[in-house]
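Note that my numbering numbers the sequence shown so that position 67 is 1489, with each residue one more than the last.
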Amino acid sequence: MNNFLFEERMAEEYRHEKMTEAQERNKHAHLYTSKATIFAYKSLAYFGKTLEGTGCKMRARYEALALQEKGNALPEPVK
């Protein structure tokens, strides 16, 4: 007797149960984080925002110079 469909159905139910368990664990995972972890995430987010802002300012400042030098990519040789 071919029980392929039965085994496939059992495997599908098993995967569904495991996915449900994982979703439940993930839903409550953030409740168990420590204050130090939250502080680190906020600090890194702030640092990233500051770094991105600095990069944008530098790009705006030096983009004109880079475009001027585009025609003369290599500096003059030393004599």
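We put the beta carbon where it would ideally sit given N, CA and C, even for glycine.
- Judged by DSSP secondary structure, Asn-1448 falls within the alpha helix (DSSP H) whose first and last residues are 1426-1449.
- Here DSSP, grouped into helix, strand and coil, assigns Ser-1465 to helix.
- One Cα belongs to Thr-1459, the other to Gly-1477, and the distance between them is close to 27 Å.
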